[in-house]
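The structure appears below as structure tokens.
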Amino acid sequence: MLLVRSLLSAGIDTTVASFAAAIHCLARTPSQWQRLRAEPALARAAFEEAIRLESPVQTFFRTTPPKLCSARSRSARAKRC
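Throughout the sequence shown, residue numbering follows my numbering, covering 27 to 107 in sequence.
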């Protein structure tokens with residue numbers, strides 16, 4: 027029972043944090059809030075963009091292997107990559 031409760035509360039935390047991120051993004055950009063009010067069909071895209079900008083889960087990070095070289099880094103540091 028404790029495991030089920032933990033899983034449910036984790037989902038609720040993420041959902042609440044997602045809504046908070048969306049509200050925060052709209053509060054910072056009043057013009058986008060006005061656009062969303064004028065065009066409610068944009069709500070889904072606005073929500074997805076908000077959680078892309080402000081991740082609801084702050085413990086996940088993107089990492090790359092240490093020896094990964096991008097095209098830009100190859101031109102700048104050709105000897106190392």
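The beta-carbon is built from N, C-alpha and C at its ideal position, and this holds for glycine as well.
Query, Result
"Quick check on threonine 55: does DSSP put it in helix, strand or coil?", "coil"
"With C-beta atoms as the reference, is alanine 76 less than 8 Å away from alanine 53?", "no"
"For cysteine 51 versus glutamate 80, is the C-beta distance shorter than 8 Å?", "yes"
"Within 10 angstroms of the Cβ of aspartate 39, are there 16 or more other Cβ atoms? Answer buried if so, exposed if not.", "exposed"
"Return the chain-ordered list of same chain residues with a C-beta closer than 6 Å to the C-beta of leucine 68, the five sequence neighbours on each side being excluded.", "Leu62"
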